[in-house]
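Report on one structure; see the data block that follows.
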Amino acid sequence: MKFLFAVTLLCIVHTGWGDNDIESTFGDFKASPRQDLPFLELANYDGYTAEQHFVTTEDGYILSLFRLPIQKSCETSKGVMMFMHGLYLSGDDCLIPGPGKAHCYIYSDNCYDVWVPNVRGNFYSRNHTTLNPNKDSKFWDFSVDELAVLDLPAVIDYVLLETEESELSYVAHSQGVSMLLILCATKPEYNNKIKVGFGLSPTAWLDNSRFIVIKFQSLIAPGLTLTGPLLNVEVLKRNGLLQNSGELFCGTTTLAYPICSFLIFAALGYNEFQITADVLPVVVGHTPSGTSLKNFVRWGQIQNNGFSKYDYGTLKNLITYRTAKPPLYDLSGVSMPWVFIGSDNDYVANVTDIKFLQTKLQNSSLCVLSDKTFGHLDFIYGKDIPNYLTPIVLSYLDTGSYTCT
Ligand SMILES: *[C@@H]1O[C@H](CO)[C@@H](O)[C@H](O)[C@H]1NC(C)=O
Ligand SMILES: *[C@@H]1O[C@H](CO)[C@@H](O)[C@H](O)[C@H]1NC(C)=O
Ligand SMILES: *[C@@H]1O[C@H](CO)[C@@H](O)[C@H](O)[C@H]1NC(C)=O
1 MKFLFAVTLL CIVHTGWGDN DIESTFGDFK ASPRQDLPFL ELANYDGYTA EQHFVTTEDG
61 YILSLFRLPI QKSCETSKGV MMFMHGLYLS GDDCLIPGPG KAHCYIYSDN CYDVWVPNVR
121 GNFYSRNHTT LNPNKDSKFW DFSVDELAVL DLPAVIDYVL LETEESELSY VAHSQGVSML
181 LILCATKPEY NNKIKVGFGL SPTAWLDNSR FIVIKFQSLI APGLTLTGPL LNVEVLKRNG
241 LLQNSGELFC GTTTLAYPIC SFLIFAALGY NEFQITADVL PVVVGHTPSG TSLKNFVRWG
301 QIQNNGFSKY DYGTLKNLIT YRTAKPPLYD LSGVSMPWVF IGSDNDYVAN VTDIKFLQTK
361 LQNSSLCVLS DKTFGHLDFI YGKDIPNYLT PIVLSYLDTG SYTCT
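Per full-length UniProt numbering, the very first residue in the sequence shown carries number 1; after that it's consecutive.
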């Protein structure tokens with residue numbers, strides 16, 4: 001199974017398979033009416049008002065930023081909340097489980113002004129002032145480092161300006177956590193713009209990650225790092241092979257649920273009871289959402305080198321950093337408070353690695369869920385989000401403390 005998964009990824013990375021339209025052969029049958037709806041339509045279908053804003057980064061990327069404005073029934077705003085998605089994913093993640101169950105709906109129901117950015121290159125942010133993502137490989141010349149120091153400050157500043165607030169609360173999954181760590185380490189003034197960061201399954205050091213795709217990435221990273229511009233291509237795009245085969249297996253019939261849930265998610269520390277049969281087709285209809293091959297390989301570098309800067313290979317590292325290996329990010333300047341939530345069943349963000357990250361930070365706490373089966377994707381798609389996760393966020397924002405369940 002792991003072998004097949006790696007081979008599939010390899011094919012997506014190295015061939016044009018990603019553009020085949022397998023779905024068309026299966027007509028329009030849908031297991032869920034919510035399955036393929038993009039963010040605005042999904043929010044409207046679920047009974048919420050949503051807006052789309054566009055933010056241009058200093059290097060010309062045009063990012064989609066969604067918003068669930070304060071609900072009419074709220075007397076006052078409880079503040080600004082930003083939800084940042086993870087690697088290969090999109091802002092859709094905070095809607096997918098549906099009303100009463102998804103992160104963004106719950107924060108909106110609690111009178112927060114909810115903003116949902118999409119990083120460069122994903123399904124909603126394939127746009128640029130001068131570059132064409134379908135033609136210019138330069139468009140795909142980025143990794144998490146650019147997402148962190150170019151995309152994230154652009155959306156934070158836009159939201160603070162637009163809302164006339166001085167700070168916001170940040171809820172992030174996986175790579176979204178890494179982005180804010182890098183930003184606050186690199187541009188310390190951003191510490192003051194974040195009230196608190198909630199890190200769901202936070203990724204920085206991946207020494208103990210046993211997620212097969214990360215292992216694959218770390219295996220190919222040393223060789224591919226040296227190929228430079230060849231890394232500037234799109235991988236894992238929405239409507240590509242991986243998503244279409246996911247929809248094929250999981251989106252057209254609920255009978256396939258036990259099989260496809262195992263095939264697609266077991267490798268991530270997936271608990272079949274957390275992603276329910278009604279939510280699974282919606283997940284596969286909205287994932288993956290694309291990134292660059294450079295960023296794909298970048299996460300393999302991070303597993304090999306620790307939470308370090310970009311690895312250009314020995315020669316260029318010596319020129320750039322004056323060391324053969326890239327230096328670690330210096331997190332000593334990250335002064336903003338963090339609340340991390342981890343799980344002993346997370347194959348990506350291992351609790352040992354989260355605890356190591358904490359030793360580098362000034363102000364963080366960690367809740368390790370007592371449910372030993374919670375996996376990496378359950379933090380965004382699991383049925384127990386309203387029982388385990390959002391109460392921590394809401395309680396911390398109201399009282400400064402929380403109960404870890
Ligand atoms: C890209 O952004 C420009 C400027 O905002 C806009 O006119 C155009 O429609 C966008 N293209 C796509 C494909 O979203
Ligand atoms: C951590 O941050 C919180 C929230 O800003 C603050 O109340 C607390 O005093 C800080 N703790 C430490 C040890 O700095
Ligand atoms: C986390 O890391 C420890 C130490 O390497 C390992 O024993 C454990 O199996 C890992 N947990 C997961 C869920 O991968």
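Cβ coordinates follow ideal geometry from the N, Cα and C atoms, glycine included.
Remember, predicted model here, so these are calculated numbers, not experimental data.
{"Query": "Verify the contact flag: residue 407, CB atom, against every heavy atom of ligand 2, threshold strictly below 7 Å.", "Result": "The displayed coordinates of the chain run from 1 to 405. Any statement about residue 407 would go beyond what the structure contains."}
{"Query": "Going by CA-CA distance only, name the one from 199, 80, 64 that's closest to residue 118.", "Result": "64"}
{"Query": "Does DSSP classify residue 100 as helix, strand or coil?", "Result": "coil"}
{"Query": "Which of the three DSSP states, helix, strand or coil, is assigned to residue 126?", "Result": "coil"}
{"Query": "Decide if residue 303 is buried, meaning its Cβ has at least 16 other Cβ atoms within 10 Å, or exposed.", "Result": "buried"}
{"Query": "Report the rounded CA-to-CA distance for residue 101 versus residue 137, giving the unit in angstroms.", "Result": "39 Å"}
{"Query": "Assuming contact is defined by CB atoms lying nearer than 8 Å, are residue 296 and residue 235 in contact in what I supplied?", "Result": "yes"}
{"Query": "Just the C-alpha distance for residue 327 and residue 173, rounded to the nearest angstrom, thanks.", "Result": "25 Å"}
{"Query": "Check each residue's C-beta against every heavy atom of ligand 2 and list, in chain order, those closer than 5 Å.", "Result": "337, 363"}
{"Query": "What did DSSP end up calling residue 383 once you bin it into helix, strand or coil?", "Result": "coil"}
{"Query": "Residue 177 and residue 83 - do their beta-carbons sit closer together than 8 Å?", "Result": "no"}
{"Query": "In chain order, what are the residues with a CB under 5 Å from some non-hydrogen atom of ligand 1?", "Result": "62, 127"}
{"Query": "Is residue 378 near ligand 3 - that is, is its Cβ less than 7 Å away from at least one heavy atom of it?", "Result": "no"}
{"Query": "Report the three-state DSSP secondary structure of residue 113 (helix, strand or coil).", "Result": "strand"}
{"Query": "Identify whether residue 226 lies in helix, strand or coil by the three-state DSSP scheme.", "Result": "coil"}
{"Query": "Is residue 141 near ligand 3, judged by its Cβ being under 7 Å from some heavy atom?", "Result": "no"}
{"Query": "Would you say the beta carbon of residue 208 is closer than 7 Å to some non-hydrogen atom of ligand 3?", "Result": "yes"}
{"Query": "Less than 8 Å between C-beta atoms, sequence neighbours within five positions excluded: which residues of the same chain meet that for residue 355?", "Result": "366"}
{"Query": "Helix, strand or coil for residue 205? Go by DSSP, reduced to three states.", "Result": "coil"}
{"Query": "Do the segment 200–213 and the segment 163–170 touch if we need at least three Cβ pairs shorter than 8 Å?", "Result": "no"}
{"Query": "Below 8 Å between beta carbons: does that hold for residue 151 and residue 120?", "Result": "yes"}
{"Query": "Which whole-angstrom value is the C-beta distance of residue 32 and residue 281, which I expect to be below 8 Å?", "Result": "5 Å"}
{"Query": "Would you mind stating whether residue 384 and residue 371 have Cβ atoms separated by less than 8 Å?", "Result": "yes"}
{"Query": "Determine contact between the segment 307–325 and the segment 214–227, defined as no fewer than three beta-carbon pairs at a distance below 8 Å.", "Result": "yes"}
{"Query": "Can you grab the Cα-Cα spacing for the pair residue 386 / residue 343, in whole Å?", "Result": "16 Å"}
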